[in-house]
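Residue numbers (our numbering), protein chains in the order written: chain A, 121 to 584; chain B, 121 to 584. By construction, the Cβ of each residue, glycine as well, lies at the ideal position given by its N, Cα and C atoms. Okay, structure first, notes after.
What follows is the structure, given as structure tokens:
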């Protein structure tokens, strides 16, 4: 035989062996996880225990960072982790900003020609109060920061009304949120820069209703800190109509929210120790603090109880784990994810290696995918697990981020993964009085917990 | 050059050309549909017009086949199709069974030792009434037809209580429904066969609550037609507990539902005529009739308004269509899909060729997939369209059925396709008083309409 065909044949044989061996090896292992997925589904969906946990957690009330209810929820979480038989259950301190809504938040549009009307509003997180007798001022409605810049000093002494809606045409509503949220986050300081004395910001929701949605404001220290409130979408339409017909209409605004001294709170964690490499950690993450208008059932009570339920399911089914799976409830995501930063700086982390962290902080809706902060090779590897996830209705691993709380682990090159649930209904309730237990569906919530359990098992037992 | 390598090279070239040409051709065409998908998403999600339509339709009340409200909904549908500017809008007659619930449905468990308790029930569709003074009888609880067979004549003169729950561990709840529904459908006749005088059937839902769920009974003409009612899951648990402790407990049952003479109703249809092959038809299907306890918002008001909205979107965007796209609202799906059979037997069908029919009858929830009644080659062809559907969040084409109404088109070898929405919440409301407008989400509903529009355009313009 000639040399070249021989070489080719050997090469071909090698490629064939490699190609056929790879899936064969993989499928043997995956087969066990397919079985695990079915067991998790059976036990999880029959028990719907995540929902039972969420009922308990939300019964404690809203968990605004620094509030007595947040403190109660820290203790509840610690106790639940102990009850579940987790190891190394402990708190790690997190100092949190303490903002309180106060007892009064009112707005009213007053037009000489068109009469007066109360507006449904809520103070935005971190806003200072108005003077005791409120603010009465003309209103300038803007649709962009560019428009604000053009107006410049014309807004001095006035209230700026950021009337920028979330774009309904996005399939993923988080994208629409991301685009519009900058007016809530930066609007107050941008307006203050030109001398405005308060801002009203259109609520971040895709519904037209009379429910205002709060959220954090990032005040720029260079400019005076002015009061900021969200207005409901329905009243924003009304205010827009009135201002169109009577630009001289004024708005009266009264807020008595205030910033108090920081208080000490905590991240809460507990784990199932790995049998082979216990110092290598897979984190399941959520944040325990919530906004104060609802009870944070979706944001992020859902994530917390999914983490608990995932750990319970792994223990219940005696799933063998080579590495440690640790549940962490982070404190103070809503005011800047400070708990996430404290976690990575804790001296407790020194002897640990974090191979992966999986966060659930996008609502307790039907899980559709995971997103992972990795390159195409990493995605390809994760996608080899899809035959397992298909068993629980997850068919996609997408490029993307993990979550705000675990973001600080980037410094370690930890693989950051986010659970991606259906997002169509999330912003109906997000940061509002509608974020209550009734808005969460037991099966959808449980499927998220099952997804976390499965991902944790695969990560803890794979090469990392 | 030698002959063999030459042949190989030519063969390889041929394969390469074929392989690379195929996606190239496809991608040019698909590119237009990706653009269409984005436009549909933008216009659809900004307008949420399907929800506006559903609000109107559900305001007419429940649409039980043969009822005055069903007649009103037929007229509403015809008028809407005319208003949309559809062509060839007309009704085709369908004779429907007329069953009415009556004014009274009561059940009470009576135990000498444990006292009495009212039970939440509802008559099942087609059930005869009880005698005027009701039925008072012992109860035999069974968990399967096998168990019933074993008891045989022991059930004579008694009420059989089919206490068979839907299996919560299935990801697709329709599968759980399919397994448990036979006790509702066949239970009465199976029990009557052994001399039972009435049946109580556990409601088909995955929730534990006090809401009974109705549905059709198929009475077997060989056995006496006995009264049949569904019991809420919560009261089924109570009844089970009482019977466990006091097997002598009796149930009193009073129903005054009845079967009246059949009445004439109609299928309603309207179309956008194809520009090249108008006699070749793509049907978009839903059923207009509903159960009487809610207002059939999901089942199948959602499907109807999605069909209307899909046609509206296609017209609004001036989508060129080679073949005719016809919207059909079928009558009387709930009592045996007779409208679907009348449709295929109508003389109007003689000059037509039905290349495909797409039904939406699984609730107005987030669309996740399509199912298609075809072989693996057919599936492969349809899956080439996935880059288009991905734009609206649909990533899968599954083997499966189309829907009850279009099932009769099998005789024509029509490609039957079903829209597959998320099913986790469907049976919470299905056939119950909870199936109301509030249970439907505007964006989820609209995405289903967009999916139908897109599929209709692809089918109408493809080879078929």
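Rank A:425, A:341, A:433 and A:270 by C-alpha distance to the C-alpha of residue 170 (chain A) and give the top, closest one. Within the first chain, residue 170 (chain A) is the residue found at index 50, counting from 1. Scanning A:425, A:341, A:433 and A:270 for the CA closest to the CA of residue 170 (chain A) turns up A:425.
Residue range of the beta strand (DSSP E) that includes residue 449 (chain B): Locating residue 449 (chain B) in the second chain gives position 329, counting from the first residue. Start and end: 443-450.
Would you mind listing the alpha helix (DSSP H) stretches within the segment 220-271 of chain A that are 4+ residues and don't spill past its ends, in chain order? 265-271
Using the three-state DSSP reduction, which class does residue 198 (chain B) fall into: helix, strand or coil? On the second chain, residue 198 (chain B) is found 78 positions in, with the first residue counted as 1. Helix, per DSSP.
Using CA coordinates, which residue listed in A:523, A:305, A:482 and A:498 is at the minimum distance from residue 322 (chain A)? Start at 1 with the first residue of the first chain, and residue 322 (chain A) comes out as number 202. Nearest C-alpha to residue 322 (chain A): A:305.
When you compare the CB positions of residue 430 (chain B) and residue 525 (chain B), do they come within less than 8 Å of one another, or not? By 1-based counting over the second chain, the position of residue 430 (chain B) is 310. By 1-based counting over the second chain, the position of residue 525 (chain B) is 405. No; because the gap between Cβ atoms is not below 8 Å, this pair is not in contact.
Give the DSSP-derived three-state secondary structure of residue 320 (chain A) in the structure shown. The residue given as residue 320 (chain A) occupies position 200 in the first chain. Three-state result, residue 320 (chain A): strand.
Taking any Cβ of chain B, which residues in the segment 540-565 of chain A have a Cβ under 7 Å from it, in chain order? 542, 544, 545, 561, 563 and 564
Put residue 533 (chain B) into one of helix, strand or coil per three-state DSSP. The residue you call residue 533 (chain B) lines up with position 413 of the second chain. In the structure shown, residue 533 (chain B) sits in coil (DSSP, three-state: anything other than H, G, I, E or B).
Alpha carbon to alpha carbon, what distance is there between residue 480 (chain B) and residue 514 (chain B)? Against the second chain, residue 514 (chain B) aligns to sequence position 394. Against the second chain, residue 480 (chain B) aligns to sequence position 360. The alpha-carbon atoms of residue 514 (chain B) and residue 480 (chain B) are separated by roughly 15 Å.
Just how far apart, CA to CA, sit residue 172 (chain B) and residue 268 (chain B)? The residue labelled residue 172 (chain B) in the question sits at position 52 within the second chain. The residue labelled residue 268 (chain B) in the question sits at position 148 within the second chain. Going by the C-alpha atoms only, they are around 48 Å apart.
Under the three-state reduction of DSSP, which class applies to residue 151 (chain B): helix, strand or coil? One-based indexing of the second chain puts residue 151 (chain B) at position 31. Here residue 151 (chain B) sits in helix by DSSP.
When the Cα atoms are used, what is the spatial distance from residue 483 (chain A) to residue 290 (chain B)? On the first chain, residue 483 (chain A) is found 363 positions in, with the first residue counted as 1. On the second chain, residue 290 (chain B) is found 170 positions in, with the first residue counted as 1. Residue 483 (chain A) and residue 290 (chain B) have their C-alpha atoms spaced approximately 22 Å apart.
Proximal residues of chain B, C-beta to C-beta of residue 165 (chain A) below 7 Å: Residue mapping note: residue 165 (chain A) aligns to position 45 of the first chain, counting from 1. Here the neighbours are 288 and 289.
To the nearest angstrom, report how far apart residue 363 (chain B) and residue 259 (chain B) are at their CA atoms. Translated into the one-based positions of the second chain, residue 363 (chain B) becomes position 243. Translated into the one-based positions of the second chain, residue 259 (chain B) becomes position 139. Distance between the alpha carbons of residue 363 (chain B) and residue 259 (chain B): 8 Å.
Closest by CA to residue 441 (chain A), which one among A:472, A:396, A:452 and A:422? Here residue 441 (chain A) corresponds to residue number 321 of the first chain, with the count starting at 1. Of the candidates A:472, A:396, A:452 and A:422, the one whose C-alpha sits nearest the C-alpha of residue 441 (chain A) is A:396.
How many Å lie between residue 477 (chain A) and residue 566 (chain B) at the Cα? Position 357 of the first chain, counted from the first residue, corresponds to residue 477 (chain A). Position 446 of the second chain, counted from the first residue, corresponds to residue 566 (chain B). If I take the Cα positions, the gap works out to 35 Å.
Does residue 241 (chain A) have its Cβ less than 8 Å from a Cβ in chain B? Your numbering for residue 241 (chain A) matches position 121 in the first chain. No - not a single Cβ of chain B is within 8 Å of the one on residue 241 (chain A).
Take residue 191 (chain A) and list the residues in its own chain whose beta-carbon comes closer than 8 Å to its own, dropping the five residues that flank it on each side. The residue you call residue 191 (chain A) lines up with position 71 of the first chain. Here the set comprises 385.
In the DSSP assignment, what are the bridge partners of residue 473 (chain A)? Locating residue 473 (chain A) in the first chain gives position 353, where the first residue counts as 1. Its beta-bridge partners are A:400.
To which residues of the same chain is residue 186 (chain A) closer than 6 Å at the C-beta, ignoring the five residues directly before and after it? For this step, residue 186 (chain A) is matched to residue 66 along the first chain. Correct list, in chain order: 216, 218 and 383.
Check whether the Cβ atoms of residue 411 (chain A) and residue 454 (chain A) sit closer than 8 Å, and answer yes or no. Within the first chain, numbered from 1, the residue matching residue 411 (chain A) stands at position 291. Within the first chain, numbered from 1, the residue matching residue 454 (chain A) stands at position 334. A contact, by the Cβ cut-off of 8 Å.
Amino acids of chain B, ordered along the chain, whose beta-carbon sits closer than 7 Å to that of residue 378 (chain A): Position 258 of the first chain, counted from the start, is the residue given in the question as residue 378 (chain A). The premise fails here: residue 378 (chain A) is roughly 37 Å from chain B at the closest Cβ pair, so nothing lies under 7 Å.
In chain order, what residues of the same chain have a beta carbon less than 7 Å from the beta carbon of residue 277 (chain B), not counting five sequence neighbours either side? Locating residue 277 (chain B) in the second chain gives position 157, where the first residue counts as 1. Taken in chain order, the residues that qualify are 257, 315 and 317.
Apart from the five residues on each side of it in sequence, which residues of its chain come closer than 8 Å, Cβ to Cβ, to residue 236 (chain B)? Here residue 236 (chain B) is taken as the residue at index 116 of the second chain, counted from 1. Result list for residue 236 (chain B): 228, 229 and 230, in chain order.
Three-state class that DSSP yields for residue 514 (chain A) in the structure shown: Position 394 of the first chain holds residue 514 (chain A). If DSSP states are grouped into helix, strand and coil, residue 514 (chain A) belongs with coil.
Bridge partners - residue 478 (chain B), DSSP secondary structure assignment: Taking the second chain and counting its residues from 1, the one referred to as residue 478 (chain B) is at position 358. Residue 478 (chain B) is bridged to B:404 and B:537.
Spatial neighbours of residue 143 (chain B) within its chain, please: C-beta separation below 6 Å, excluding the five flanking residues on both sides. The residue given as residue 143 (chain B) occupies position 23 in the second chain. Note that residue 143 (chain B) has pLDDT 41, beneath the 50 cutoff, so the model's placement of it is unreliable and the number below is only indicative. Taken in chain order, the list of residues that qualify is empty.
Note down, in chain order, every chain A residue with its Cβ under 7 Å from the Cβ of residue 513 (chain B). Walking along the second chain from the start, residue 513 (chain B) turns up at place 393. Under the 7 Å cutoff, chain A gives 291.
Three-way DSSP call (helix, strand, coil) for residue 141 (chain A) in this model: As a first step, residue 141 (chain A) must be located in the first chain, where it is residue number 21. Reliability fails at residue 141 (chain A), whose pLDDT of 39 lies under 50, so the model's placement of it is uncertain and no value is given.
Could you check what DSSP says for residue 490 (chain A) in three-state terms: helix, strand or coil? What you label residue 490 (chain A) is simply residue 370 of the first chain in a count that begins at 1. Residue state, collapsed to three classes: strand.
Could you check which residue in A:272, A:341, A:328 and A:402 has the C-alpha nearest to that of residue 311 (chain A)? Position 191 of the first chain, counted from the start, is the residue given in the question as residue 311 (chain A). Nearest C-alpha to residue 311 (chain A): A:272.
Start and end residues, alpha helix (DSSP H) containing residue 371 (chain B): Counting from one through the second chain, the residue named residue 371 (chain B) turns up at place 251. For residue 371 (chain B), no alpha helix (DSSP H) run applies; the uninterrupted beta strand (DSSP E) run containing it begins and ends at 370-375, by DSSP.
Within this structure, are the beta carbons of residue 502 (chain A) and residue 517 (chain A) separated by less than 8 Å? If you number the first chain from 1, residue 502 (chain A) lands on position 382. If you number the first chain from 1, residue 517 (chain A) lands on position 397. Yes.
Would you kindly work out how many angstroms separate the C-alpha atoms of residue 451 (chain B) and residue 529 (chain B), rounded to a whole number? For the purposes of this step, residue 451 (chain B) is taken as residue 331 along the second chain, with counting starting at 1. For the purposes of this step, residue 529 (chain B) is taken as residue 409 along the second chain, with counting starting at 1. If I take the Cα positions, the gap works out to 16 Å.
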